[in-house]
Each structure stands twice: as structure tokens, then as C-alpha cells.
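Numbering (mature numbering (1 follows the signal peptide of the UniProt record, and there is no 0)), first residue to last: -23 to -1, 1 to 168. Below you'll find the structure, written out as C-alpha cells, and then a few comments.
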Ligand SMILES: *[C@@H]1O[C@H](CO)[C@@H](O)[C@H](O)[C@H]1NC(C)=O
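The structure is reproduced here in C-alpha cells:
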């Protein structure tokens, strides 16, 4: 009755539901798209950096142990890595952040857990604190990391590299654009 793909999606929804009871709530201000190994990343997926193997890393998020955390998504490998403040891990299921005609994203310099206006939050951790998206240069890469404002640092743990903490980093912020005027016939074509 259900294909394996359906079951995976159902399992993911169930995991999200259970997590929402225990904390670890998804933030829905932005457009996140669920990916699996069979789907290409959508146009507009937000680029974050590159890893030490030279792969581009796109901005993703995962649910781990009642916390929603930023992820480094490598579409070519159908792979996402992420980290808490203590450990790094690989995720089997993840979402990517997608920009569109009216909302775009930008990395700006920040420091010490400063609460930047329009910072993008992935969701909350197990204690219901909001988790933000940062990045920093380390270990031959530009890595997306986890920003807990209370810890005043961008935390990156990638594969076998040591855990890194940065007091200076870049943070991802949201920018709203005024939609361009659209001729009537174009509007019809888009529907
Ligand atoms: C773009 O994404 C934002 C955030 O998810 C959403 O509110 C908005 O409706 C989207 N705009 C278009 C044109 O799809």
C-alpha cells in the first residue's frame, strides 16, 4: 500500500511530531524543502560554503536528539553533516533552505552571539533556545556551523577534525525584496 519512499516520509513526519512534544521545534518563517537521495536540490537553494574535499555545502537543517540544527548539505553525495556543541554527525534525512523571488539570504559578519536583525533560525534545541546558522573558515574549508547565542560562538565539528569554536564568524540573515511588477500574461504562464 505504501512505497518505501512513503514510509520514509511518514517516519520523518512522525519523528518531527515526537520531537515537537519534547522541544526541538522547527522554525517556519523560511522555506525549507525536504530532500532524499532521489531528489535534486531545488533552484534557489542557499549556498553556505565548501568543505575540505572541495564540495559546495548548501544550507540545511536536521533534527537530532530533540534539537533542530543547521546542516552542511552536499547534493552530489546526498549527504548532510551537522554538529551540536559537543559532537559532529551525519544525517540521513534533511531539509535545505530555498530562496525565492521575494526572500533572499545573505551572510554578514558578526561576533559574540550578537542578535542580528533578521537572523535565520532553524528552530529550537532541546531546551527551547533558538538555534541560528553561522559559518567560518577552518580546516581547508568554509564550514556552516551551529550558533547558540548564549554560547557566544559559532561551533563547527566536521568529520575527524577537532571541535572548533569561533567568537567571530558570519551569520545568515534574511532579506525581503519588493516583488517586481509582473506583466499580466507572465502571471498567467506561472500558474
Ligand atoms: C518566498 O518564501 C517566503 C518564505 O517562506 C514566503 O513567505 C513567500 O510567500 C515566498 N514567495 C514566493 C513568491 O513564493
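No residue lacks a Cβ here, since even glycine has one placed at the ideal position from N, Cα and C.
Based on Cα-Cα distance, which residue from the options lies nearest to residue i?
i	options	result
residue 18	2, 152, 52, 97	52
residue 150	117, 66, 102, 92	92
residue 24	48, 133, 5, 154	48
residue 40	116, 1, 11	1
residue 75	6, -18, 142	6
residue 173	77, 125, 98, 132	The structure shown does not extend to residue 173, since the chain is modelled only from -23 through 168, so no value can be given for it.
residue 104	45, 123, 153	45
residue 123	115, 132, -21	132
residue 4	120, 60, 101	101
residue 11	142, 117, 60, -18	-18
residue 72	9, 113, 117, 115	9
residue 152	-21, 63, 80	80
residue 136	42, 13, 115	115
For the putative contact between residue i and residue j, defined by C-beta atoms under 8 Å, what is the C-beta separation to the nearest angstrom?
i	j	result
residue 50	residue 31	With 8 Å as the limit, residue 50 and residue 31 do not qualify as a contact, their Cβ atoms being about 15 Å apart.
residue 22	residue 35	5 Å
residue 126	residue 26	Actually they do not touch by this definition, with Cβ atoms about 21 Å apart.
Closer than 7 Å to a non-hydrogen atom of ligand 3 - does that hold for the CB of residue i?
i	result
residue 135	Judged by which ligands are present, ligand 3 is missing from the structure shown, whose ligands are ligand 1.
| request: State whether the segment 50 to 68 contacts the segment 104 to 113, with contact taken as three or more CB pairs (one from each stretch) at a distance under 8 Å. | output: no
| Can you list the beta strand (DSSP E) stretches of 3 or more residues lying completely in the segment 105 to 160, in chain order? | 107 to 115, 118 to 125, 130 to 133, 141 to 143, 145 to 153
| field | Chain-ordered residues, beta carbon under 6 Å from a heavy atom of ligand 1 | value | 7, 8, 77, 78, 79, 80
| field | Segment contact flag, the segment 82 to 99 with the segment 140 to 148, C-beta cutoff 8 Å, min 3 pairs | value | yes
| field | the segment 75 to 88 in contact with the segment 58 to 67 per 3-pair CB rule at 8 Å | value | no
| Segments assigned beta strand (DSSP E), at least 3 residues, entirely inside the segment 8 to 40 | Qualifying beta strand (DSSP E) stretches, in chain order: 9 to 12, 24 to 27.
| field | Minimum length 4: unbroken alpha helix (DSSP H) runs contained in the segment 49 to 77 | value | None, since the segment 49 to 77 contains no complete alpha helix (DSSP H) of that length.
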